[in-house]
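Please read the structure below before turning to the comments.
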Amino acid sequence: MPTKAAVNKKAAAGIALAVNGQKRTVAGDPNRPLLYVLRNDLGLTGAKFGCGKGQCGACSVLMNNEAVRSCQVTLAQAAGKSITTLEGLGDIKTPHPVQAAFIAEQAAQCGYCANGMVMATVALLARTPEPSLDEAKQALAGNLCRCGTHRRILRAVMRASGRAQP
Amino acid sequence: MTAVLSRRDLLRAGGALVVGFALPRPSPAQAAMAKTVDATELDGFLAISPDGSVTVYCGKVDLGQGLRIAIPQMAAEELGLGVERITLIEGDTALTPDQGPTAGSTGIAKGGVQIRQAAATARQALIRLAAARFDVPEDGLDIVDGDVRSLSGEGPSLGIGDLVGEHGFGLKLDPKAPLRSPASYKVVGKPLPRPDVPAKVTGRHTYVHDFRLPGMLHGKVIRPPAVGASLLGVDESALKAFKGVRIVRIKDFLGVVAASEWDALRAADALKATWSQTENLIGHEAVRDAMKAGPFVGEDIVVSKGDAATALADPDVAVLKAEYYWPVQSHASMGPSCAVADVKSDSATLWTASQATHRFRPAYAAMLGLPVDMVRLIYLDGSGCYGMNGHDDACADAALLSKAVGKPVRVQWSREDELGWDPKGPPQLLALEATPMEGGVVAGWRTEMWLPKATAGLPNVPLLAAQAAGIDQPMGLVTGLITQNGDPPYGVAAVQVKVNWLADAPLRPSNIRAPGKIANSFAVEGFFDELCNQAKVDGLITRLQMLKDLRGIIVLSRAASLIGWKPRPSPNPESDGVGRGVAYVHYKHSETYVAVAMEVSVDRDSGKVAVRRVACAHDCGLVINPDALRLQIEGAIIQTLSRTLLEEVTFDTKAVTSTDWASYPILGFADIPDITVDLINQPNQPPMGGGEAAATPIPAALANAIFDACGARVRTVPITPERVKAALAEADAKDKLG
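Those protein sequences? They're chains A and B, same order as listed.
Residue 103 in the numbering used here sits at position 105 of the first sequence; the count goes up by one each step and never skips.
Residue 1570 in the numbering used here sits at position 370 of the second sequence; the count goes up by one each step and never skips.
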């Protein structure tokens, strides 16, 4: 593990990471959560602040293709990693297949949790392209939704995997 | 400079306000001069651009419930065009008429209906204008795809954008303007997709949390360790490590403001504040007993039918009695509240996710010492709130900080702030008694409630920031209309509902989804089942026999048939731990009809309840958008299952202790049941609310199903495994006594 001084020295020059395929260099406190870097330094507000404790999933991003809680990852820990945010998956005109499935199923109410749901689904389908309904429930178990959109979200997961709807 | 914007400039600005990231900011004064928000004026609600596009100004807001498509559908139908031509501006106090708060399931029933009437007025006016231009009679004309033309399709046609000039209609909203016949509907009733979903799932939707202004600072308010504690001192020495961080202290209001959010958070952590040792709370475990102890500020008989007292005093009948309790609950929004305020010396603009921008405007004006018309609230989406959560308090925090530092300030609450300090759903205690059911007749029924008394005429929930800063504001309690549906709808001969009004609530209350009705239905529909169980009759059949309202009979029959209801008394004689229950509500006795039938299984050893299937039959009159409505209903069902099975705000004598998702758990994917929603569209009935009514019968249906499954009657929420086991033990003991 690098010393604090070493981390700070590195930070002064900025920490490099790849965000949505672009190389970005971010200066400032290397111990601040990646979530704040994405939302405030890079203007990528798709990831949402929900709890700051890794309990809800609203802040999820892909780090080297794994869904992580960006409130629990520091900028220093993200150094050199490849980060994909909700914006990086697709946009309104050309959504990612998972985003398209969420749109087709209208799987959002307030939509605050949608970022985490989409990210968890993308990560799930990358490792298990045809999950069972139970596997989908399990993969999303750590993602909270308060509006009660769960069933639509599960339908979106199944749709994105190209299979019958629950 | 206070140049008056042209109407077209304003339309452009208004559109951008909803979708933009870096937004233009006309001052409140400019906007007020340019656009009427008079709810009696057609131009208050509706503007038509030369290109034929339409802007609808809506005082109600989309909180995730689908107004953003449903209200344009209602307007589009009357105007004779497609929804894609309509831009909806929501809840901006400078641009939209005050249609009341987005609460009480009134978005469509009141807000949408008013806008529909505005659109009908516009249609009438457009036809009149075209008839004059064409020199033909009005009654042969209609608007089709945005053009006024003859019904026969012959003769001239003119786009609606060519008929209205720069100055708008200049007409009063005509409450008698004819509405289109439901039989001719082309847009209303269609499951059109909600326009905001693509942006929401691709990270392009601007929530208030995402909104930024040039030069904006980040603020963080430090709340005391105990409710009502006084700030004794602040040690600022730790802040030397932070560049440019400012402290704002106004009496007990303490905050920091920094250029970056991270600095604001770290500075707030580093600041050493000393607070008075204050213990103002009673602790959640003491609430139930305290509710009967008072102090009280009065009592009301809210329902009085026949002579219940005499019926219940009959010495020859053994009156059945039971007590039901609903705890303090949080709105528990996924995103902690957030707001951005730009307070200047003579005006203020507040970006807020409030459900009630118009209602709170005078409160912020008073707090900031500004005239009301110089304060503008602009709605931006927040995290779903289901009643007044922390949004309005976060806005007050941002406003006070912005005023203090003279720059725009954004305040983002933490998870602890939201669960700890959002105003809470109040507790409810109900005692019920009734004469036994004999031959399908209940002679007398009495419901007695103990409830915190809402302060009459209180304009808004008192704001934390104003309170801490010692700024005068009307103090009191807001709870919503929490006494409704406290009486059975089943033709009981003599009914009395009495409320004992408590002077205070254990924590600052506000309205929470379906205020009061969920707990009241839990008690009334649960107790009605107790009467059926005692009489050894089937709960569904008895309800159908005693109900006099056909729409109620229909929803009950359909919900029950969806789970294959087999009439028999409860509990289930097969005692395999599986049971079914039903509950019904005619919301507020005047609105939506809902019946819910549910199948559960109960593990007798652990007390764990698993909800297997929920069927909901729902009649809210005219259905505007069946897909959005279904999602609302599903959401209400799932959220209310969560509230019933899991949720109680815990607190000690100082403050709330359930301040994260581990201590305030909500229902997750593992426990989501199979749900069937059966919509009963009534095209010739007025449209009514969707979500609140659907939430209302859930707890009673669940408790009735648990009783059917295992003979345990649980009358206290949350229905935890421990409470199920205790009720089972009680039932077993009763059995042994015979």
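Cβ atoms here follow ideal geometry from the backbone N, Cα and C, with glycine treated the same way.
For residue 63 of chain A, would you say it is in contact with chain B, using Cβ-to-Cβ distances shorter than 7 Å as the test? Sequence index remark: in the first sequence, residue 63 of chain A carries index 65 (1-based). The beta carbon of residue 63 of chain A does not come within 7 Å of any beta carbon belonging to chain B, so the residue lies off that interface.
Could you tell me which chain A residues have their CB closer than 8 Å to the CB of residue 1831 of chain B, listed as they occur along the chain? For the purposes of this step, residue 1831 of chain B is taken as the residue at position 631 of the second sequence. For residue 1831 of chain B, the residues of chain A that pass the 8 Å Cβ criterion are 104, 107, 147, 150, in the order they occur in the chain.
Can you check whether the C-beta of residue 132 of chain A is within less than 7 Å of a C-beta belonging to chain B? The sequence position of residue 132 of chain A within the first sequence is 134, counting from 1. Not an interface residue.
Could you compute how far the alpha carbon of residue 1720 of chain B sits from the alpha carbon of residue 1664 of chain B? For the purposes of this step, residue 1720 of chain B is taken as the residue at position 520 of the second sequence. For the purposes of this step, residue 1664 of chain B is taken as the residue at position 464 of the second sequence. CA-CA distance, residue 1720 of chain B to residue 1664 of chain B, rounds to 29 Å.
For residue 1673 of chain B, three-class secondary structure by DSSP: Your numbering for residue 1673 of chain B matches position 473 in the second sequence. Residue 1673 of chain B sits in coil when the DSSP states are folded into three classes, being neither helix nor strand.
What's the gap between the Cα of residue 113 of chain A and the Cα of residue 1558 of chain B? Counting from one through the first sequence, the residue named residue 113 of chain A turns up at place 115. Counting from one through the second sequence, the residue named residue 1558 of chain B turns up at place 358. Take the alpha-carbon of residue 113 of chain A and the one of residue 1558 of chain B: they are about 31 Å apart.
Can you find the residues in the same chain that come closer than 6 Å, C-beta to C-beta, to residue 1210 of chain B, ignoring five residues on each side of it along the sequence? Sequence index remark: in the second sequence, residue 1210 of chain B carries index 10 (1-based). Note that residue 1210 of chain B scores 42 on pLDDT, short of 50, meaning its location in the model is unreliable; the coordinates nonetheless yield the value given after this. Cβ neighbours of residue 1210 of chain B beyond the five flanking positions: 1234, 1235.
Count the other CB atoms, across all protein chains shown, that sit within 10 Å of the CB of residue 1179 of chain B; report buried if there are 16 or more and exposed otherwise. One cannot answer for residue 1179 of chain B here, as it falls past the ends of chain B, which runs 1201 to 1938.
Answer with yes or no whether the minimum CB distance from residue 139 of chain A to chain B is below 7 Å. In the first sequence, the residue the question calls residue 139 of chain A occupies position 141. Taking a beta-carbon distance threshold of 7 Å, residue 139 of chain A counts as an interface residue toward chain B.
Could you tell me the distance, in whole angstroms, from the CA atom of residue 1794 of chain B to the CA atom of residue 1934 of chain B? Here residue 1794 of chain B is taken as the residue at index 594 of the second sequence, counted from 1. Here residue 1934 of chain B is taken as the residue at index 734 of the second sequence, counted from 1. A direct Cα-to-Cα measurement between residue 1794 of chain B and residue 1934 of chain B gives close to 34 Å.
Kindly list the residues whose CB is nearer than 6 Å to the CB of residue 1903 of chain B, restricted to its own chain and excluding five residues on each side of it in sequence; keep chain order. On the second sequence, residue 1903 of chain B is found 703 positions in, with the first residue counted as 1. Residues of the same chain with a CB within less than 6 Å of the CB of residue 1903 of chain B, apart from the 5 flanking positions on each side, are 1726, 1914 in chain order.
Could you check whether residue 1642 of chain B and residue 1695 of chain B sit closer than 7 Å to each other, using their CB atoms as the reference points? Within the second sequence, numbered from 1, the residue matching residue 1695 of chain B stands at position 495. Within the second sequence, numbered from 1, the residue matching residue 1642 of chain B stands at position 442. 7 Å or more divides the Cβ of residue 1695 of chain B from the Cβ of residue 1642 of chain B.
Does DSSP put residue 1242 of chain B in a helix, in a strand, or in coil? Here the question's residue 1242 of chain B lines up with position 42 in the second sequence. In this structure, residue 1242 of chain B counts as helix in the three-state DSSP scheme.
Please confirm whether residue 1400 of chain B has its beta-carbon closer than 7 Å to some beta-carbon of chain A. As a first step, residue 1400 of chain B must be located in the second sequence, where it is residue number 200. Yes - at least one Cβ of chain A is within 7 Å of the one on residue 1400 of chain B.
To test your reading of the DSSP string, which unbroken alpha helix (DSSP H) runs of 4 or more residues are found completely within the segment 37 to 99 of chain A? For secondary structure counted as the alpha helix (DSSP H) over 4 or more consecutive residues, the segment 37 to 99 of chain A holds these complete runs in sequence order: 84 to 87.
Please identify the residue among A:159, A:150, A:115, A:157 whose C-alpha is closest to the C-alpha of residue 142 of chain A. Numbered from its first residue, the first sequence carries residue 142 of chain A at position 144. When only C-alpha atoms are compared, the closest one is A:115.
Considering Cα atoms alone, identify which of B:1239, B:1311, B:1279, B:1697 is closest to residue 1267 of chain B. By one-based count along the second sequence, residue 1267 of chain B stands at place 67. Per the Cα distances, B:1311.
I'd like the ranges of any beta strand (DSSP E) spanning at least 3 consecutive residues and lying wholly in the segment 1721 to 1807 of chain B. Segments of the beta strand (DSSP E) lying fully in the segment 1721 to 1807 of chain B: 1778 to 1786, 1793 to 1802.
Name the chain A residues that come within less than 7 Å of residue 1838 of chain B, Cβ to Cβ? Position 638 of the second sequence, counted from the first residue, corresponds to residue 1838 of chain B. Neighbours of residue 1838 of chain B on chain A, chain order: 146, 148.
Helix, strand or coil for residue 1910 of chain B, going by three-state DSSP, please let me know. As a first step, residue 1910 of chain B is located in the second sequence; it is residue number 710 there, counting from the start. Reduced to three states, the DSSP call for residue 1910 of chain B is helix.
Can you name, in chain order, every residue of its own chain whose Cβ lies under 6 Å from the Cβ of residue 1752 of chain B, other than the five neighbours on each side? Within the second sequence, numbered from 1, the residue matching residue 1752 of chain B stands at position 552. For residue 1752 of chain B, where only same-chain residues beyond five positions count, the Cβ hits under 6 Å are 1786, 1793.
Three-state secondary structure assigned by DSSP to residue 1940 of chain B: The question about residue 1940 of chain B has no answer here: the residues shown for chain B are numbered 1201 through 1938.
Run through chain B and tell me which residues come within less than 7 Å of residue 81 of chain A, C-beta to C-beta. Working through the first sequence from its first residue, we reach residue 81 of chain A at position 83. Neighbours of residue 81 of chain A across chain B, judged by C-beta separation under 7 Å, do not exist; the nearest C-beta is about 13 Å away.
Can you find the residues in the same chain that come closer than 7 Å, C-beta to C-beta, to residue 44 of chain A, ignoring five residues on each side of it along the sequence? As a working note, residue 44 of chain A is residue 46 in the first sequence. For residue 44 of chain A, where only same-chain residues beyond five positions count, the Cβ hits under 7 Å are 83, 84, 85, 113.
Do you know whose CA, among B:1929, B:1884, B:1891, B:1821, lies nearest residue 1383 of chain B's CA? Taking the first residue of the second sequence as position 1, residue 1383 of chain B is located at position 183. Residue 1383 of chain B has its Cα closest to that of B:1884, out of B:1929, B:1884, B:1891, B:1821.
In whole angstroms, what is the alpha-carbon distance linking residue 1916 of chain B and residue 149 of chain A? The count along the second sequence starts at 1 and reaches residue 1916 of chain B at position 716. The count along the first sequence starts at 1 and reaches residue 149 of chain A at position 151. Using only the alpha carbons, I get a separation of about 28 Å.
Compile a chain-ordered list of the residues in the segment 1788 to 1812 of chain B whose CB is closer than 7 Å to at least one CB of chain A. Hits within the stretch: zero.
Cβ shell of residue 1391 of chain B (< 8 Å), same chain only, five flanking positions each side left out: Within the second sequence, numbered from 1, the residue matching residue 1391 of chain B stands at position 191. Only residues of its own chain outside the window of five on either side were considered, and among them 1825, 1826, 1827, 1828 have a CB closer than 8 Å to the CB of residue 1391 of chain B, listed in chain order.
I'd like the list of long-range same chain contacts for residue 1319 of chain B, defined as Cβ closer than 6 Å, with 5 residues on each side in sequence excluded. Sequence index remark: in the second sequence, residue 1319 of chain B carries index 119 (1-based). Taking C-beta separations shorter than 6 Å and ignoring five residues to either side along the sequence, the partners of residue 1319 of chain B in its chain run 1275, 1278, 1279, following chain order.
Tell me the rounded alpha-carbon separation between residue 1301 of chain B and residue 1680 of chain B. For the purposes of this step, residue 1301 of chain B is identified with residue 101 of the second sequence, where counting begins at 1. For the purposes of this step, residue 1680 of chain B is identified with residue 480 of the second sequence, where counting begins at 1. Distance between the alpha carbons of residue 1301 of chain B and residue 1680 of chain B is about 12 Å.
Quick check on the DSSP output: the alpha helix (DSSP H) that includes residue 132 of chain A runs from which residue to which? One-based indexing of the first sequence puts residue 132 of chain A at position 134. Looking at the DSSP string, the run of the alpha helix (DSSP H) that includes residue 132 of chain A is 131 to 137.
Would you call the CB atoms of residue 1314 of chain B and residue 1260 of chain B closer than 7 Å? If you number the second sequence from 1, residue 1314 of chain B lands on position 114. If you number the second sequence from 1, residue 1260 of chain B lands on position 60. Not a contact, by the Cβ cut-off of 7 Å.
How would you call residue 1767 of chain B, buried or exposed, if buried means at least 16 neighbouring beta carbons within 10 angstroms? Taking the second sequence and counting its residues from 1, one reaches residue 1767 of chain B at position 567. Exposed, by the Cβ-count rule.
Going by the beta-carbon positions, is the gap between residue 1584 of chain B and residue 1264 of chain B smaller than 7 Å? Position 384 of the second sequence, counted from the first residue, corresponds to residue 1584 of chain B. Position 64 of the second sequence, counted from the first residue, corresponds to residue 1264 of chain B. Contact flag set, yes.
Suppose you measure from the CA of residue 94 of chain A to the CA of residue 1552 of chain B; what does that come to, to the nearest Å? Indexing the first sequence from 1 puts residue 94 of chain A at position 96. Indexing the second sequence from 1 puts residue 1552 of chain B at position 352. Taking the CA atoms as reference points, residue 94 of chain A sits about 31 Å from residue 1552 of chain B.
By a C-beta neighbour count over all protein chains shown, 10 Å radius and 16 as the cutoff for buried, is residue 1355 of chain B buried or exposed? Locating residue 1355 of chain B in the second sequence gives position 155, where the first residue counts as 1. It counts as exposed.
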